[in-house]
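Accompanying notes for the structure given below.
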Ligand code: SF4
Ligand code: SF4
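In the numbering used here, the protein residues as written are 83 to 336.
The following block contains the structure:
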């Protein structure tokens, strides 16, 4: 399928998925079966048309030249970053095939690793972002190719595919390793989402029982958290017995 057609189909799905996630967040239904269904479709689209894989398109834009996707990709990338600032990471929540794949794999039951030191993770991501941009701008190579993003979704038997599979396997144990360490777009999203206007916030019904804090795989449900690494998975809202977490724009969370 031509890149343009893939982008159009992927974009339509992406907009629909983000609207569905926003509505689910408002209704307190993040993490529901509908949420899972949207993620499954995202993964399937990743395999079928390799869209909407915006992290890869971002790096393709940085590479420039004939490999770069059309201007439409640039507009989409900028629009989704703006939405992250306004409404949180709706794209990461269900529309991104890479993120959705990891989210589904993390549902595999069993003991999980917890590591969420935000300063360490953000420093690592910043270094990786700079290295990836240098690779794209100076050597005109898309670094995500070497992490197997494209080859895995194309079902190619290549060494890069093994790298992506290894990342996915780690993702069964540790929440979203690609998103939280490697994704260049995710790092930009983290920066944009740090001041999100509409977000998951505790309301006055919160009893400080800390159930949400224990459920959150990224350590973002603390009352003082900025929410920039909130992937809107819904674990906190599902776990709260007091319906004390809203997707709202109210100032001064509890
Ligand atoms: S952080 Fe990157 S890979 Fe993960 S869901 Fe967001 S855009 Fe996709
Ligand atoms: S705060 Fe944590 S548990 Fe709640 S939706 Fe965000 S990432 Fe998931």
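The beta-carbon is built from N, C-alpha and C at its ideal position, and this holds for glycine as well.
- Close CB contacts of residue 236 within its chain, under the 6 Å cut and outside five residues either way in sequence, are absent.
- Per DSSP, the beta bridge partners of residue 281 are 330.
- Residue 242 and residue 228 do touch by the CB rule: their CB atoms are close to 6 Å apart, below 8 Å.
- Each residue's CA atom was taken as its position, placing residue 232 and residue 150 some 14 Å apart.
- Burial is judged here by how many other beta carbons sit within 10 angstroms of a residue's own beta carbon; residue 131 has at least 16 and is buried.
- Residue 199 sits in coil when the DSSP states are folded into three classes, being neither helix nor strand.
- The alpha-carbon separation between residue 265 and residue 211 amounts to approximately 8 Å.
- Judged by DSSP in its simplified three-state form, residue 228 adopts helix.
- Taking all protein chains shown into account, residue 197 has fewer than 16 neighbouring C-beta atoms within 10 Å of its C-beta and is therefore exposed.
- A distance criterion of 7 Å places the beta-carbon of residue 180 in contact range of ligand 1, judged by its closest non-hydrogen atom.
- A check of alpha carbon separations from residue 162 across 285, 295, 274, 296 identifies 274 as the nearest.
- Under the DSSP assignment, residue 255 falls in the alpha helix (DSSP H) whose first and last residues are 241-255.
- In the three-state reduction of the DSSP assignment, residue 173 falls in the helix class, which pools H, G and I.
- When the beta-carbon positions are compared, residue 165 and residue 100 come within less than 8 Å of each other.
- Residue 146 sits close to residue 222, with the two beta carbons spaced by under 8 Å.
- Closest in alpha carbon position to residue 192, among 315, 115, 310, 254, is 254.
- Only residues of its own chain outside the window of five on either side were considered, and among them 263 have a CB closer than 7 Å to the CB of residue 206, listed in chain order.
- In the three-state reduction of the DSSP assignment, residue 259 falls in the helix class, which pools H, G and I.
- Taking each of 315, 316, 311 in turn and checking the Cα distance to residue 203, the smallest one comes out for 311.
- Counting every other CB atom within 10 Å of its CB across the protein chains shown gives residue 305 a total below 16, marking it as exposed.
- Contact between residue 127 and residue 267 fails: their C-beta atoms lie close to 17 Å from each other, not under 8 Å.
- Under the 10 Å beta carbon count, residue 303 is surrounded by 16 or more other beta carbons and is classified as buried.
- Secondary structure at residue 302: coil, using DSSP grouped into helix, strand and coil.
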